[in-house]
Each structure stands twice: as structure tokens, then as C-alpha cells.
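*Asks:* Numbering (this note's numbering), first residue to last: 1274 to 1506.
Quick reminder that beta carbons are idealized off the backbone N, C-alpha and C, glycines included.
Note that the structure is predicted; figures quoted are calculated from it, not measured.
This structure is in C-alpha cells; I'll ask about it shortly.
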């Protein structure tokens, strides 16, 4: 039976989110942690305490929302595990890497990307959202690709049928991500876009973070960092 992801959040906005513009892009890290004691497996933690949603604003016209959920959303999730847009730099999630001795399988969670915009004037508002990672380390040593060690996968799916925003998973080539694997998307709000009535973001994309569970993984403290960035396109 799949264990519930346990998440505790704190992530950085470089300045007040409601005043954020092109010159002050959002950047932050989501850190995954898992401990595999020798012969004992993983134990889940407690309940999640999450706060309200705040957007990353691009030029004060386009609001980008980021939340972590434990099931693939078909629309913007009203209830979520982990809000990625908060007051401090780093979010930590405890995850299950090893599975059980009788049932090991792939496990994953999802970073939902939402958008809300009110674009007047003559120029479109656009943004690039990227996710990057170097994969897992064990006791500070890189283990990605080694035998009996977990791998980490990031994949991006976009919702191009929303009819409000123009979205693509071909994110801007000038975006610099220093991690060995990365994915992302672009969001464009045409002139005249206004989906702010009702206050619910439109789901424009989902980044899936996944790994394969195995009881054969070596014991130790595992961690992985996912760098999340939102900038002007």
C-alpha cells in the first residue's frame, strides 16, 4: 500500500511576493529526504500543516502558483500537501524510498503549476518555470546510476487545452539551470487575458517527480534537491 507523502514547507521569495516583478524572479529549493536504516525500512511522519497560496507575480500581470500534491491533478487542486510559495528558502519532504520487502514499485509526487493573469495594455505577460535536480545522494555521496541505489526522474506535462494561456514545455533556451537534469515550461498570457474572477488559478502544467522503490537499496541517509525557478520568459 502506497505510503502518504509527508511534507513540511518553507521556501524563499526573494522579496514580497505581491510586489515581485521581472527584476526579482522567484528561486527556491525543494529538498527530499529519506532514511533507510539497515534492515528496518521507512517510517512515515505526522500530519501536514500548510498555509495559503500566494503567487509569484511576473511584471504584476501574470501570477504563477506552485503547489505539491500526491495525486495527478486534472484541474487546479483546491486542497494540497505543500505550498511552494512562502516566506523562507527551503522546503523539506520526507519520502518513502525503499518500499516493502514484498511490494516495491515506482513512487512519485507532483508539482502543479497554476496561472492567473490580468493583462491590459499592448504587451503580453510571459514566464518560464523550470525544475532541476542532480539526483540522490547517500551520506553526501552521489549515488545516481549506481547499482542498488535510487534514481530520480523529472518530467513535465503541460495543459495546452485550457483556452486561456499559451503554454509549452519547450522552455526558454536562455534559462540557466546548473543541475544535471531539468525540465520546464513557458506560460504566455495574451493581451486582454483576465481569469481573476473567482480567484482560482488555471492549471497550466504538472512536473512529475518519481523514483523506483526497492528494498535492496543500501542503508543510509538519502537526500535530493529540486531547484525551482520562475522568471520572465
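Please classify residue 1306: is it buried, with 16 or more other beta-carbons within 10 angstroms of its beta-carbon, or exposed?
*Replies:* Answer is exposed; the Cβ neighbour count stays below 16.
*Asks:* Check residue 1405 in the structure and name its three-state DSSP category.
*Replies:* Three-state result, residue 1405: strand.
*Asks:* Which residue's Cα is closest to the Cα of residue 1350: 1459, 1478, 1462?
*Replies:* Nearest C-alpha to residue 1350: 1478.
*Asks:* Please determine if the segment 1488 to 1497 and the segment 1462 to 1474 are in contact, where contact requires at least 3 C-beta pairs separated by less than 8 Å.
*Replies:* They do not touch, by the three-pair rule.
*Asks:* Can you list, in chain order, the residues of its chain with a C-beta nearer than 8 Å to that of residue 1289? Leave out the 5 residues immediately preceding and following it.
*Replies:* A caution first: residue 1289 carries a pLDDT of 23, below 50, which makes its placement in the model too unreliable to give a value.
*Asks:* Would you kindly check if the distance between the Cβ of residue 1336 and the Cβ of residue 1476 is under 7 Å?
*Replies:* No, the Cβ-Cβ distance between residue 1476 and residue 1336 is not below 7 Å.
*Asks:* Quick one: any contact between the segment 1401 to 1414 and the segment 1422 to 1429, if contact means 3 or more CB pairs under 8 Å?
*Replies:* Yes, since at least three Cβ pairs between the segment 1401 to 1414 and the segment 1422 to 1429 fall closer than 8 Å, the two stretches touch.
*Asks:* Comparing C-alpha positions only, which one of 1378, 1497, 1327 sits nearest to residue 1416?
*Replies:* Measuring from the Cα of residue 1416, the nearest candidate turns out to be 1497.
*Asks:* Between which two residues does the beta strand (DSSP E) holding residue 1363 run?
*Replies:* Residues 1363 to 1367.
*Asks:* What's the gap between the Cα of residue 1431 and the Cα of residue 1380?
*Replies:* Between residue 1431 and residue 1380, the C-alpha separation is close to 21 Å.
*Asks:* Is it buried or exposed for residue 1455, if we count other Cβ within 10 angstroms and need 16 for buried?
*Replies:* Residue 1455 is buried by the Cβ-count criterion.
*Asks:* On the CB-based measure, 16 or more other CB atoms within 10 Å of its CB, does residue 1311 come out buried or exposed?
*Replies:* Residue 1311 comes out exposed.
*Asks:* Which term fits residue 1354, buried or exposed, when burial requires 16 or more other beta carbons within 10 angstroms of its beta carbon?
*Replies:* Label assigned to residue 1354: buried.
*Asks:* Could you work out which residue in 1434, 1443, 1414, 1429 is closest to residue 1480 when comparing CA atoms only?
*Replies:* Among 1434, 1443, 1414, 1429, the Cα nearest to that of residue 1480 belongs to 1429.
*Asks:* Count the other CB atoms, across all protein chains shown, that sit within 10 Å of the CB of residue 1345; report buried if there are 16 or more and exposed otherwise.
*Replies:* Classification of residue 1345: exposed, given that the 10 Å Cβ count is below 16.
*Asks:* Can you tell me which of 1398, 1483, 1402 puts its alpha carbon nearest to the alpha carbon of residue 1443?
*Replies:* Out of 1398, 1483, 1402, 1402 has the C-alpha closest to the C-alpha of residue 1443.
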